[in-house]
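There are 2 protein chains.
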Amino acid sequence: MTTRDDAVRLDSDDPLRSLRDNFQLPTNVIYLDGNSLGALPVATSARVEQAMVQEWGTGLISSWNTAGWMQMPRLVGDKIARLIGARDDEVAVADSTSVNLFKVLTAAARMNGAKNPERRVILSERDNFPTDLYIASSVAEAHGLRLELIDAADIKDRLADQSDPAGLLMLTHVNYRTGAMHDMQAVTDCAHAAGAIAIWDLAHSAGAVEVDLNAADADFAVGCGYKYLNGGPGAPAFAWVHRRHVDSVSQPLSGWMGHVAPFDFTTDYRPAAGVAKFLCGSPAILAMAALDAGVDTLLAAHDFGGMPAIRAKSIALTDLFISLVSPICEQHGMNVVTPLDSRVRGSQVSLAHPDHGYPIVQALIERGVVGDFRATDILRFGFTPLYTRFVDVYDASEHLAAVLASGEWHDERFAVRSDVT
Amino acid sequence: MTTRDDAVRLDSDDPLRSLRDNFQLPTNVIYLDGNSLGALPVATSARVEQAMVQEWGTGLISSWNTAGWMQMPRLVGDKIARLIGARDDEVAVADSTSVNLFKVLTAAARMNGAKNPERRVILSERDNFPTDLYIASSVAEAHGLRLELIDAADIKDRLADQSDPAGLLMLTHVNYRTGAMHDMQAVTDCAHAAGAIAIWDLAHSAGAVEVDLNAADADFAVGCGYKYLNGGPGAPAFAWVHRRHVDSVSQPLSGWMGHVAPFDFTTDYRPAAGVAKFLCGSPAILAMAALDAGVDTLLAAHDFGGMPAIRAKSIALTDLFISLVSPICEQHGMNVVTPLDSRVRGSQVSLAHPDHGYPIVQALIERGVVGDFRATDILRFGFTPLYTRFVDVYDASEHLAAVLASGEWHDERFAVRSDVT
Numbered sequence: 018m019t020t021r022d023d024a025v026r027l028d029s030d031d032p033l034r035s036l037r038d039n040f041q042l043p044t045n046v047i048y049l050d051g052n053s054l055g056a057l058p059v060a061t062s063a064r065v066e067q068a069m070v071q072e073w074g075t076g077l078i079s080s081w082n083t084a085g086w087m088q089m090p091r092l093v094g095d096k097i098a099r100l101i102g103a104r105d106d107e108v109a110v111a112d113s114t115s116v117n118l119f120k121v122l123t124a125a126a127r128m129n130g131a132k133n134p135e136r137r138v139i140l141s142e143r144d145n146f147p148t149d150l151y152i153a154s155s156v157a158e159a160h161g162l163r164l165e166l167i168d169a170a171d172i173k174d175r176l177a178d179q180s181d182p183a184g185l186l187m188l189t190h191v192n193y194r195t196g197a198m199h200d201m202q203a204v205t206d207c208a209h210a211a212g213a214i215a216i217w218d219l220a221h222s223a224g225a226v227e228v229d230l231n232a233a234d235a236d237f238a239v240g241c242g243y244k245y246l247n248g249g250p251g252a253p254a255f256a257w258v259h260r261r262h263v264d265s266v267s268q269p270l271s272g273w274m275g276h277v278a279p280f281d282f283t284t285d286y287r288p289a290a291g292v293a294k295f296l297c298g299s300p301a302i303l304a305m306a307a308l309d310a311g312v313d314t315l316l317a318a319h320d321f322g323g324m325p326a327i328r329a330k331s332i333a334l335t336d337l338f339i340s341l342v343s344p345i346c347e348q349h350g351m352n353v354v355t356p357l358d359s360r361v362r363g364s365q366v367s368l369a370h371p372d373h374g375y376p377i378v379q380a381l382i383e384r385g386v387v388g389d390f391r392a393t394d395i396l397r398f399g400f401t402p403l404y405t406r407f408v409d410v411y412d413a414s415e416h417l418a419a420v421l422a423s424g425e426w427h428d429e430r431f432a433v434r435s436d437v438t
Numbered sequence: 018m019t020t021r022d023d024a025v026r027l028d029s030d031d032p033l034r035s036l037r038d039n040f041q042l043p044t045n046v047i048y049l050d051g052n053s054l055g056a057l058p059v060a061t062s063a064r065v066e067q068a069m070v071q072e073w074g075t076g077l078i079s080s081w082n083t084a085g086w087m088q089m090p091r092l093v094g095d096k097i098a099r100l101i102g103a104r105d106d107e108v109a110v111a112d113s114t115s116v117n118l119f120k121v122l123t124a125a126a127r128m129n130g131a132k133n134p135e136r137r138v139i140l141s142e143r144d145n146f147p148t149d150l151y152i153a154s155s156v157a158e159a160h161g162l163r164l165e166l167i168d169a170a171d172i173k174d175r176l177a178d179q180s181d182p183a184g185l186l187m188l189t190h191v192n193y194r195t196g197a198m199h200d201m202q203a204v205t206d207c208a209h210a211a212g213a214i215a216i217w218d219l220a221h222s223a224g225a226v227e228v229d230l231n232a233a234d235a236d237f238a239v240g241c242g243y244k245y246l247n248g249g250p251g252a253p254a255f256a257w258v259h260r261r262h263v264d265s266v267s268q269p270l271s272g273w274m275g276h277v278a279p280f281d282f283t284t285d286y287r288p289a290a291g292v293a294k295f296l297c298g299s300p301a302i303l304a305m306a307a308l309d310a311g312v313d314t315l316l317a318a319h320d321f322g323g324m325p326a327i328r329a330k331s332i333a334l335t336d337l338f339i340s341l342v343s344p345i346c347e348q349h350g351m352n353v354v355t356p357l358d359s360r361v362r363g364s365q366v367s368l369a370h371p372d373h374g375y376p377i378v379q380a381l382i383e384r385g386v387v388g389d390f391r392a393t394d395i396l397r398f399g400f401t402p403l404y405t406r407f408v409d410v411y412d413a414s415e416h417l418a419a420v421l422a423s424g425e426w427h428d429e430r431f432a433v434r435s436d437v438t
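Protein sequence lines, in the order shown, are assigned to chains A and B.
All letters in the first sequence, in the order written, are residues 18 to 438 by the numbering used here.
All letters in the second sequence, in the order written, are residues 18 to 438 by the numbering used here.
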């Protein structure tokens, strides 16, 4: 059995331990929800203040040139690229994840329509994040395709079934509910062998697990700026397109920032070279500055082993949490939903309680242990290796045991779901 | 002839003069580019800092509920509504102007396709802002329509021509180059009489001129947050839909924030009631906080006469500038492009120089008079009534006279266009 002293010792041996100092975390809170909203980096305030007061306030319109605002979608994209196995000039930062998914799915649907018009199916997972399904459904309808939702276990067989072949396979790399992670390379290989285009959503992967889009030979990807990238609430998202496609594909949100020469003010749209054609409107500079500072917190891990070290710590944290809460779960009719095999696990641990997940999560939050509830039965705990300590994991499991043993979650304040996130 | 003393007197008689104190303007700069990027309000830093440090840093994920983040697109929308003749719950704040235009144009194209499939034309103005034309072109292609570009003077005749009838009329209320303003009511009436749907871009109108979307009986509108609304570089934009359409229309960017119950995490998209269905991804909270503070600078004019007073001052400022620069223009082979009739003029004055617009603008910027150049021949000067003084107008005209008289714009530093905005 691991003791609290063991956890303290794991922290003092942790090569990434100093990186926690890069975050401004509230005291008396064990924050296990960085998979929903990453914590505030210490550097963000000054970075945003500079963009706001110096660049906007003093530089005014000239800052589009002199402060490099025009280049931010590309420069922040190049930073993110280093976390996901992409190259420079392959990642565009813009808009929201949903909007970027619309762009890449439409680009893929057009490519499919041109090359394989007989393929009428967009394949995805039944419990993929809903916004992905909503956007896919819209794209399917616009292109005369059908969105087919299946279980993760059936993906390979369904791809192999060529009687009604899939044209597009759209998956979220790490599942938002269960934390189960696909083998990106194997699934992409399988999609390609079956003639389908592979589109990956990295919302719960970028900055949390090792991703190598080019090694996996993926076709398109999108990702989120406000989870493990610590870019702040509603931070800009990103889009990636494999360089074998990027010159030939087109996307429908043909705004001026994706034009080859926006300030020529021509009436005809001519897309920029490369992934820049996936930009649309004017970049949100304050949000982009915050995202820039957020991504820097991950690049700061470079000298301590980078993404492999982050991934190793993530596995150690989630392994420890699973080992500590498993006996508690057993005692209280709960179970661990996240894969026990760390090779197919993201950086979260989800527990299921058949009836009372919501009030249990609220009772934990009352104690300062912040996870979240995902209907209908999931208690979700995210572990951000940059700022989560082993002692936090230990204490969180103790709080869970106490909440369940005391029955304090029965408190009527926790009975009615009053919040929205 | 108006003297500098006259201008000083106009400032001291200006009922809006105290509102300039709500902005943090650099000293020694006469900023005449608020039509491209509004100036930084004094209140913005504290508002953004609060969203960043207290709400995000301390409140973390709970702030989606406790700090009202979820409601911001609607609440800021209700504030903007008061500036454009819309009602509460009619304006959604989200994404960029280009993305919102894609949503409303697609909604309109679907409506047209269902009701008037024989109408194959999206009509717009040849020198509409390019991103509007690029987006319209994309929507036209997706719906088997044709984007037809004509001169403003020909709009009524073209609408009346029913041999190849227009289904959609998409116009920017105030032209970004010339500052010419359409009569929204008359043109909308004309569109409706001809069976077309009227879509207005308010990028250069919202916060600058009086707009009454409901009185004009417009169908759809979008607008920009970072010009006269002072929301900061790349601020969120907005979309408006007339209530007679809002329940029946659909838009393709069906992200989870436009779902009737985002946190039910259902697989099927069911749009929210009202304009909320025009939301898509997670709102960019830092940018939204800045926009909120920006819109407040306009609402602060309420006690001094509100939009009618802002409009009256805008006309007085632009009238004064035109009267002062007209003789200078005449002397130097330039002309005033903006309508002399203030009833059809936005809040800017554009001058044309056949050959040397760019270096003249650069020489003015060197003197601290910030306007901008719009290819191929436009020198553009925006007048934001909240912070532009009559004495600024006077001094700017003196600087223009001096730049032209001295020929200092011949300096080789100004010869090559090196910037992008």
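Built from N, CA and C at the ideal position, the CB exists for glycine as well.
Indicate whether residue i and residue j have their beta-carbon atoms separated by less than 7 Å.
i, j, result
"Thr405 (chain A)", "Val366 (chain A)", "no"
"Ala256 (chain B)", "Val156 (chain B)", "no"
"Asp236 (chain A)", "His199 (chain A)", "no"
"Gly251 (chain B)", "Ala301 (chain A)", "yes"
"Ser359 (chain A)", "Ile332 (chain A)", "yes"
"Gly184 (chain A)", "Asn117 (chain A)", "no"
"Gly196 (chain A)", "Arg362 (chain A)", "yes"
"Arg102 (chain A)", "Ala232 (chain A)", "In the sequence under discussion, the amino acid at residue 102 (chain A) is Gly, which differs from the Arg named in the question. Yes, Cβ-Cβ distance for Gly102 (chain A) and Ala232 (chain A) is below 7 Å."
"Thr355 (chain A)", "Val239 (chain A)", "no"
Considering only DSSP beta bridges, list what residue i is partnered with.
i, result
"Trp73 (chain A)", "Answer is none; Trp73 (chain A) lacks a bridge partner."
"Arg397 (chain A)", "A:Ser367, A:Asp389"
"Arg163 (chain A)", "A:Val138"
"Tyr48 (chain A)", "A:Val387"
"Leu417 (chain B)", "Partner(s): none; Leu417 (chain B) has no beta bridge."
"Gly240 (chain B)", "B:Phe255"
Measuring only the C-alpha atoms, how far is residue i from residue j?
i, j, result
"Val420 (chain A)", "His427 (chain A)", "10 Å"
"Asp28 (chain A)", "Ser35 (chain A)", "10 Å"
"Arg136 (chain B)", "Ser154 (chain B)", "16 Å"
"Arg163 (chain A)", "Leu77 (chain A)", "48 Å"
"Met274 (chain B)", "Ser414 (chain B)", "48 Å"
"Leu308 (chain B)", "Gly249 (chain B)", "7 Å"
"Pro147 (chain A)", "Cys297 (chain B)", "12 Å"
"Phe407 (chain A)", "His160 (chain B)", "55 Å"
"Val7 (chain B)", "Lys294 (chain B)", "Examination of residue 7 (chain B) is not possible in this model, given that chain B is present from 18 through 438 alone."
"Tyr245 (chain B)", "Asp281 (chain B)", "38 Å"
"Phe398 (chain B)", "Gln348 (chain B)", "19 Å"
"Glu227 (chain A)", "Ala68 (chain A)", "31 Å"
"Glu107 (chain A)", "Asp149 (chain A)", "22 Å"
"Ile152 (chain B)", "Asp409 (chain A)", "49 Å"
"Pro376 (chain A)", "Leu140 (chain B)", "56 Å"
"Ala210 (chain B)", "Ala169 (chain B)", "18 Å"
Quick one: what's got a C-beta closer than 6 Å to residue i's C-beta in the same chain, skipping five residues either side?
i, result
"Gln379 (chain A)", "Phe431"
"Asn247 (chain B)", "Gly55, Pro58, Gly311, Thr314"
"Ala215 (chain A)", "Leu186, Thr205, Ala208, Ala235, Asp236"
"Pro269 (chain B)", "Thr123"
Does any CB atom of chain C fall closer than 7 Å to the CB of residue i?
i, result
"Tyr286 (chain B)", "Reference to chain C is not applicable here, since the protein chains of this structure are A and B."
Going along chain A, which residues have a C-beta under 9 Å from residue i?
i, result
"Val65 (chain B)", "Val65, Glu66, Met69, Leu303"
"His276 (chain B)", "Pro147, Thr148, Tyr151"
For residue i, collect the residues of the same chain with a Cβ closer than 8 Å to its Cβ; drop the 5 residues on either side in sequence, then sort them by chain order.
i, result
"Arg384 (chain B)", "His416, Ala419, Val420"
"Asp105 (chain A)", "Asp95, Ala98"
"Pro288 (chain A)", "Ser267, Ser271, Gly275, His276, Val277, Lys294"
For residue i, return the contacting residues in chain A, with the cut-off set at a CB-CB distance below 8 Å.
i, result
"Ile216 (chain B)", "Within chain A, no residue comes near Ile216 (chain B); the closest Cβ sits about 16 Å away, beyond 8 Å."
Whose Cβ in chain B lies nearer than 7 Å to the Cβ of residue i?
i, result
"Gly251 (chain A)", "Ser299, Pro300, Ala301, Ile302"
"Ile78 (chain A)", "Asp50, Ser53, Leu54, Val387, Asp389, Thr438"
Residue i versus chain A: which residues are under 7 Å apart at the beta carbon?
i, result
"Thr114 (chain B)", "Gly298"
Leaving out five residues before and five after residue i in sequence, what residues of the same chain have Cβ atoms less than 7 Å from its Cβ?
i, result
"Leu42 (chain B)", "Tyr48, Ala56, Tyr404"
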